[in-house]
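Novice: Please find one structure pasted underneath; my questions will follow.
Protein chains: 2
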Amino acid sequence: MPTISDVAAKAGVSAATVSRVLRGKPQVAASTRQRVLTAAEELGYSPSRAAQSLALGRSSSIGVVAPLADSPSVAERLGGLTARLGASDYDLTLFGINTSTERVDLLAELADPGRIGAVVLISLRPTPDEVEALAAAGVPTVVIDANVPSLDCVYIDDGEGGRLAARTLLASGHRRIAFVGDVADSEFGFTSSEDRRIAFEDVLATATVQIPDEYLKRRPHGADEAKLATFELLDLAEPPTAIFAASDVQASGVLEAAHERGVDVPGDLSVIGFDDIRSARGMGLTTIRQPLEESGAYGAKLVLEALEHRPIGMSIELPLSLVSRRSTAPPRTTA
Amino acid sequence: MPTISDVAAKAGVSAATVSRVLRGKPQVAASTRQRVLTAAEELGYSPSRAAQSLALGRSSSIGVVAPLADSPSVAERLGGLTARLGASDYDLTLFGINTSTERVDLLAELADPGRIGAVVLISLRPTPDEVEALAAAGVPTVVIDANVPSLDCVYIDDGEGGRLAARTLLASGHRRIAFVGDVADSEFGFTSSEDRRIAFEDVLATATVQIPDEYLKRRPHGADEAKLATFELLDLAEPPTAIFAASDVQASGVLEAAHERGVDVPGDLSVIGFDDIRSARGMGLTTIRQPLEESGAYGAKLVLEALEHRPIGMSIELPLSLVSRRSTAPPRTTA
DNA sequence: TTGAAAGCGTTACCAC
DNA sequence: GTGGTAACGCTTTCAA
Numbered sequence: 189m190p191t192i193s194d195v196a197a198k199a200g201v202s203a204a205t206v207s208r209v210l211r212g213k214p215q216v217a218a219s220t221r222q223r224v225l226t227a228a229e230e231l232g233y234s235p236s237r238a239a240q241s242l243a244l245g246r247s248s249s250i251g252v253v254a255p256l257a258d259s260p261s262v263a264e265r266l267g268g269l270t271a272r273l274g275a276s277d278y279d280l281t282l283f284g285i286n287t288s289t290e291r292v293d294l295l296a297e298l299a300d301p302g303r304i305g306a307v308v309l310i311s312l313r314p315t316p317d318e319v320e321a322l323a324a325a326g327v328p329t330v331v332i333d334a335n336v337p338s339l340d341c342v343y344i345d346d347g348e349g350g351r352l353a354a355r356t357l358l359a360s361g362h363r364r365i366a367f368v369g370d371v372a373d374s375e376f377g378f379t380s381s382e383d384r385r386i387a388f389e390d391v392l393a394t395a396t397v398q399i400p401d402e403y404l405k406r407r408p409h410g411a412d413e414a415k416l417a418t419f420e421l422l423d424l425a426e427p428p429t430a431i432f433a434a435s436d437v438q439a440s441g442v443l444e445a446a447h448e449r450g451v452d453v454p455g456d457l458s459v460i461g462f463d464d465i466r467s468a469r470g471m472g473l474t475t476i477r478q479p480l481e482e483s484g485a486y487g488a489k490l491v492l493e494a495l496e497h498r499p500i501g502m503s504i505e506l507p508l509s510l511v512s513r514r515s516t517a518p519p520r521t522t523a
Numbered sequence: 189m190p191t192i193s194d195v196a197a198k199a200g201v202s203a204a205t206v207s208r209v210l211r212g213k214p215q216v217a218a219s220t221r222q223r224v225l226t227a228a229e230e231l232g233y234s235p236s237r238a239a240q241s242l243a244l245g246r247s248s249s250i251g252v253v254a255p256l257a258d259s260p261s262v263a264e265r266l267g268g269l270t271a272r273l274g275a276s277d278y279d280l281t282l283f284g285i286n287t288s289t290e291r292v293d294l295l296a297e298l299a300d301p302g303r304i305g306a307v308v309l310i311s312l313r314p315t316p317d318e319v320e321a322l323a324a325a326g327v328p329t330v331v332i333d334a335n336v337p338s339l340d341c342v343y344i345d346d347g348e349g350g351r352l353a354a355r356t357l358l359a360s361g362h363r364r365i366a367f368v369g370d371v372a373d374s375e376f377g378f379t380s381s382e383d384r385r386i387a388f389e390d391v392l393a394t395a396t397v398q399i400p401d402e403y404l405k406r407r408p409h410g411a412d413e414a415k416l417a418t419f420e421l422l423d424l425a426e427p428p429t430a431i432f433a434a435s436d437v438q439a440s441g442v443l444e445a446a447h448e449r450g451v452d453v454p455g456d457l458s459v460i461g462f463d464d465i466r467s468a469r470g471m472g473l474t475t476i477r478q479p480l481e482e483s484g485a486y487g488a489k490l491v492l493e494a495l496e497h498r499p500i501g502m503s504i505e506l507p508l509s510l511v512s513r514r515s516t517a518p519p520r521t522t523a
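Each protein sequence line maps, in turn, to chains C and Y. Quick note on numbering: the first sequence equals residues 189 to 523 in this note's numbering. Quick note on numbering: the second sequence equals residues 189 to 523 in this note's numbering.
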């Protein structure tokens, strides 16, 4: 591997000059600049990232922290992120999170510009302490899928999503409506599911429909858990005619349960999800769509800008929309 | 951030000794070792990766190269990889690939131990030149989802998968059988789809069933493309009673097309996929299962071992199995 | 068993 | 404009 001195020698200048040229510093004669550029080109020179990080005191990789396990939505966001970041000079270092304790250790470790140049959190809400540590260390931080006050964020209005779902179900005449979502105290400080539920119930209330306790299922995130919860719902003396699932992953469990019980969707049961993950189409799932891949792309845009010394605090709210497919219809017997 | 000299000072030794202790070198007195360890602990010291890479001439991050776009199977493999790698001392640097030209530039750049300690390729077959470059640079390489002679690989027997699919369809009585897979000349040198098809046709031939040309659909990878191809199939004067899709993503397109045309699955059309991606369950798709997540875990195991100076050439073949769900059944009119 | 010092490849400050 | 040089934090060889 050629080093900067190889280039310097070949161009007949000092290493300092090569560095200046390559970093785009102004104080250098046009002729020398040209000479250096061709020398570098001919040698196929590319600066050592390790040496650069060391000298600069700042790593050129962007740390992406995300709960990867069983999460198509996170995967889609990550896809959008890599697409944009691939074209940049930054490397993307991926940290998969599985337990919450893993998380706190990791974020503390990442609060060091020499370790990681910037961090982007996907579907993870940092604690105030963590935010503080990152800020103190001078590590730009952006959050995708959560709105954290002092940070750059890409987020959606969960309440609005919940209301959209409620209006949809109400409009087609449902009144016996159940909810399947995440446990309230999610391991990662994640509140989307609850935010959606609360707004959902609010709208329902305006139409004087109320979700009875036995229609409220909060489970650890996952298709299997949602499936089990749905069995309970279906086994009720008076089962719901519609279910709002807080995520498409959970909606898939709901659909599966209905199928296994021989319950016709949407004839006997309407199902509406949230996210519009790629496989929602194949499932024919009606859902509240949020731009998953785009959220990653915007996240990338924000980090890159933050790294370019843009003042922080630049958040982006993404739009929501209803995608109607074949899992919803009016209830068979309009109550 | 504390440096090695801070630890040295606190322990009353030299930096060299601290380094020896931390790297587990033998020549150091038990008492000093203990002193150093506690000093490091108290300071919360953690060595700078950049400095380490520079001094060692070897990066402590593992580069993972994968075609991320729209590929649930790749995402699942990646999940298995991060789970295992997260516990190691190595960072995982992710490179998403979108076009084949991107690929060649990247692999050339990665053939440098100072840049990346090892590389793992997911669903990507390196050219002999690329293999050569990586080997010459002394960068351990493992491949997931392809069997490349001189490299550590985690792979499956695509032919066996094709045969399994064929036997399944034949056993339930189908004779008008179509195939929907990838274009032969895949951008990334990827031959799985064709390998599956060839073996599939071989088995069919033993039962004297042949796939007519108009039953053979090779399209760019994707659900939409597969859907369009399926419309063509369904519009034929004599449409097939069964379709083998070379991947679950394509199978999902097939299912969708059938649904839109009002073709009953599995009554009028049986569909069998390949992979068993997470959403296959929700779709009720019968498929040839390969252990996706495990392939990532094994890949991680192999890189880690390779980094520990294990001799290379240690490949792992993963088992295939048939997962029967509700997308297959005997044809309505047994020919 | 331990320390001093050189070296890894860059960048940036200070002279010229 | 350009070059010399110290410094970034660590590992390792060589002496002691």
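Even glycine gets a Cβ: it sits at the ideal position worked out from N, Cα and C.
Indicate whether LEU339(Y) and VAL330(Y) have their beta-carbon atoms separated by less than 8 Å.
Specialist: Going by C-beta atoms, LEU339(Y) is nearer than 8 Å to VAL330(Y).
Novice: Closest to GLY284(C) by C-alpha separation, out of THR289(Y), ASP456(Y) and LEU273(Y), would be which residue?
Specialist: It is LEU273(Y).
Novice: Helix, strand or coil for LEU508(Y), going by three-state DSSP, please let me know.
Specialist: DSSP places LEU508(Y) in coil when its eight states are reduced to three.
Novice: Under 8 Å between C-beta atoms, does PHE283(C) make it to chain Y?
Specialist: It does: the Cβ of PHE283(C) has a partner Cβ on chain Y nearer than 8 Å.
Novice: Return helix, strand or coil for ASP279(Y), following the three-state DSSP convention.
Specialist: Note: ASP279(Y) maps to strand in three-state DSSP.
Novice: Roughly how far, in whole angstroms, is the beta-carbon of ASP194(C) from the beta-carbon of ARG265(C), given that I think they are within contact range, below 8 Å?
Specialist: In fact, because the Cβ distance is near 41 Å, the residues do not count as touching under 8 Å.
Novice: Measuring straight from C-alpha to C-alpha, what distance separates ARG151(Y) and VAL437(C)?
Specialist: Residue numbering for chain Y in the displayed model covers 189 to 523; residue 151(Y) lies beyond these limits and cannot be assessed.
Novice: Closer than 7 Å by beta-carbon distance: list the chain C residues that pair up with LEU280(Y), in chain order.
Specialist: Correct list: THR281 and LEU282.
Novice: Going by beta-carbon coordinates alone, are GLY350(Y) and ALA485(Y) separated by less than 8 Å?
Specialist: Result no, Cβ atoms of GLY350(Y) and ALA485(Y) do not sit closer than 8 Å.
Novice: At the level of alpha carbons, what is the spacing between ALA296(Y) and GLU482(C)?
Specialist: Using only the alpha carbons, I get a separation of about 30 Å.
Novice: My assumption, with CB atoms under 8 Å, is that ARG364(C) sits in contact with PRO428(C). Please give the rounded CB distance.
Specialist: Indeed they touch by this definition, with Cβ atoms about 5 Å apart.
Novice: Would you please verify whether the beta carbon of GLY524(Y) is less than 8 Å from any beta carbon of chain C?
Specialist: For residue 524(Y) there is no data in the structure shown, the boundaries of chain Y being 189 and 523.
Novice: Pull up the DSSP beta-bridge partners for ASP340(C), would you.
Specialist: DSSP lists VAL330(C) as partners of ASP340(C).
Novice: Taking ALA366(Y) and LEU421(Y) to be in contact with their CB atoms under 8 Å, please state how far apart those CB atoms are, rounded to whole angstroms.
Specialist: About 5 Å; that satisfies the 8 Å criterion.
Novice: With GLY470(Y) as the anchor, note down where its alpha helix (DSSP H) starts and where it stops.
Specialist: First-last of the alpha helix (DSSP H) with GLY470(Y): 466-471.
Novice: Cα separation between ILE399(Y) and GLU389(Y)?
Specialist: Their backbone Cα atoms lie some 7 Å apart in a straight line.
Novice: Considering only the alpha carbon of each residue, which of ASP258(Y), ASP293(Y), ASP277(Y) and ILE250(Y) lies closest to ALA275(C)?
Specialist: Ranking ASP258(Y), ASP293(Y), ASP277(Y) and ILE250(Y) by Cα distance to ALA275(C) puts ASP293(Y) first.
Novice: With a cut-off of 8 Å, does the C-beta of ALA446(Y) fall near any C-beta of chain C?
Specialist: Not an interface residue.
Novice: On a CA-only basis, which of PRO507(Y), VAL451(Y), SER512(Y) and GLU318(Y) is nearest THR475(Y)? Give me that one, please.
Specialist: Minimum Cα distance to THR475(Y) is reached at SER512(Y).
Novice: In three-state terms, what does DSSP make of GLY410(C)?
Specialist: Reduced to three states, the DSSP call for GLY410(C) is coil.
Novice: Drop a sphere of 10 angstroms on the beta-carbon of PRO328(C), count the other beta-carbons inside from all chains shown, and report buried for 16 or more, exposed for fewer.
Specialist: Answer is buried; the Cβ neighbour count reaches 16.
Novice: Note the first and the last residue of the continuous alpha helix (DSSP H) segment covering SER360(Y).
Specialist: Per DSSP, SER360(Y) belongs to no alpha helix (DSSP H) and is neither H nor E.
Novice: Report the residue ranges of all beta strand (DSSP E) runs contained in full by the region 197-267 of chain Y; include only those spanning at least 3 residues, in chain order.
Specialist: Those beta strand (DSSP E) runs which fall completely within the region 197-267 of chain Y and span 3+ residues are 249-254.
Novice: Could you tell me which residues DSSP puts in a beta bridge with ARG477(C)?
Specialist: Beta-bridge pairing links ARG477(C) to ASP463(C) and SER509(C).
Novice: Does DSSP classify LEU424(Y) as helix, strand or coil?
Specialist: The answer is coil: DSSP assigns LEU424(Y) none of H, G, I, E or B.
Novice: How many angstroms separate the CA atom of LEU309(Y) from the CA atom of GLU413(Y)?
Specialist: For LEU309(Y) and GLU413(Y), the distance between alpha carbons rounds to 26 Å.
Novice: If contact means a Cβ-Cβ distance below 8 Å, which residues of the region 467-479 of chain Y contact chain C?
Specialist: So the close ones are SER467, ARG469, GLY470, MET471 and GLY472.
Novice: Return the residues of the region 420-440 of chain Y that lie within a Cβ-Cβ distance of less than 8 Å from chain C, sorted by chain order.
Specialist: From the region 420-440 of chain Y, only SER440 have a Cβ closer than 8 Å to chain C.
Novice: In the DSSP assignment, find the unbroken beta strand (DSSP E) run with ALA430(Y) in it and report its ends.
Specialist: Where ALA430(Y) is concerned, the enclosing beta strand (DSSP E) stretches over 430-433.
Novice: Could you check whether the Cβ of ASP194(Y) sits closer than 8 Å to any Cβ belonging to chain C?
Specialist: Cβ-Cβ to chain C under 8 Å: no for ASP194(Y).
Novice: Nearer than 7 Å: is that true of the beta carbon of ILE192(Y) relative to any heavy atom of the ligand FAD?
Specialist: The ligand FAD is absent from the structure shown, which contains no ligands of any kind.
Novice: Any idea which residues DSSP pairs GLY369(Y) with across the strands?
Specialist: BP columns for GLY369(Y) point to ARG406(Y).
Novice: SER276(C) versus chain Y: which residues are under 7 Å apart at the beta carbon?
Specialist: Here the premise fails: no neighbours, minimum Cβ distance about 12 Å.
Novice: Between GLY470(C), VAL209(C) and ASP463(C), which lies nearest to HIS447(Y) when the distance is taken from Cα to Cα?
Specialist: Nearest option by C-alpha distance: GLY470(C).
Novice: Quick check on this structure: which residue in VAL201(C), ALA238(C) and ALA239(C) has the alpha carbon closest to the alpha carbon of ALA227(C)?
Specialist: Of VAL201(C), ALA238(C) and ALA239(C), the residue nearest in Cα terms is VAL201(C).
Novice: Report the rounded CA-to-CA distance for ILE304(Y) versus ALA393(C), giving the unit in angstroms.
Specialist: Cα to Cα, the separation comes out at about 57 Å.
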